[in-house]
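Chemist:
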Ligand SMILES: [Zn+2]
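Residue numbers (this note's numbering): 862 to 1075.
1) When the Cα atoms are used, what is the spatial distance from residue 913 to residue 927?
2) Can you find the residues in the same chain that come closer than 6 Å, C-beta to C-beta, to residue 971, ignoring five residues on each side of it along the sequence?
3) Taking the alpha carbon of residue 1038 as the point to measure from, which residue in 973, 1065, 1070 and 1008 has its own alpha carbon closest?
4) Figure out for me which residue from 1064, 948 and 1072 has the closest Cα to the Cα of residue 898.
5) Whole-angstrom Cβ separation of residue 964 and residue 980, contact assumed at under 8 Å?
6) Going by beta carbon distance, what residues of the same chain come within less than 7 Å of residue 881, once the five residues before and after it are set aside?
7) If you measure from the CB of residue 931, is any heavy atom of ligand 1 nearer than 7 Å?
8) Would you list, in sequence order, the uninterrupted beta strand (DSSP E) runs of no fewer than 3 residues that lie entirely inside the segment 887-931?
9) Use the C-beta contact count for residue 1051: other C-beta atoms within 10 angstroms, 16 or more gives buried, fewer gives exposed.
10) DSSP beta-bridge partners for residue 1058?
11) Please determine whether the Cβ atom of residue 908 lies at a distance below 7 Å from any heavy atom of ligand 2.
12) Assuming the contact rule is C-beta atoms closer than 8 Å, residue 961 and residue 1015 should be a hit. Round their C-beta distance to whole Å, please.
13) Note down the Cα distance separating residue 956 from residue 934, rounded to an integer number of angstroms.
14) Buried or exposed for residue 1034, going by 16 or more other Cβ atoms inside 10 Å?
15) With the cut-off set at 8 Å, would you say residue 1028 and residue 945 are in Cβ contact?
16) For the alpha helix (DSSP H) that contains residue 965, what are its first and last residues?
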């Protein structure tokens, strides 16, 4: 398929999909256009292989989504902070999921430091995570498995970053906060793995309220 045909196919697929939807439910788009009340905010990697709604069998209106390379949470990222504030304060999502994945190019770029492009700048925080966990990572002989472990550590670090945002502070203070979840997706078999969050440790540091329950 030529590049142009592949592009045109997107629009054709859209038209087909709309037709199918209307055939089974004539009011589908009327209902959808009335507003959103998603229970989930998802922060994931931009990787094209990870449409989380497909992997979780979700429907339009269920997941509010923010994606960037290697699912990073920076306290000065206006894009992410705007999404977070809107999700927590206006949509009042019940869960926030940060999802990384094995085979993440961003994590690999950060670990190997072999690129000189923006991805390396963007993922510099992951390089710090690797340095801080050098002993644990060095004990894993296989590079792929080591990078997988780093992907997991990255998710937990980004959740910790999330707890530091003023949006979450405010939500914790008001005792109206979404539950936090860390996921890593293994593209090689499609399954999602839930990662343990060091809740008690974070409570000790004041990152989570003492009343927080997972
Ligand atoms: Zn990735």
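Glycine included, each C-beta is placed from N, C-alpha and C at the ideal position. Because the structure is a prediction, the values reported are computed rather than measured.
Modeler: Once the coordinates are examined:
1) 11 Å
2) 984, 987 and 988
3) 1070
4) 948
5) 15 Å between Cβ atoms; not a contact.
6) none
7) yes
8) 901-906 and 924-929
9) exposed
10) In the DSSP output, where bridge partners are listed per residue, residue 1058 has none listed.
11) As far as ligands go, the structure on display features ligand 1 and does not contain ligand 2.
12) 5 Å
13) 16 Å
14) exposed
15) yes
16) Counting along the chain, residue 965 falls outside any alpha helix (DSSP H), and DSSP gives it neither H nor E.
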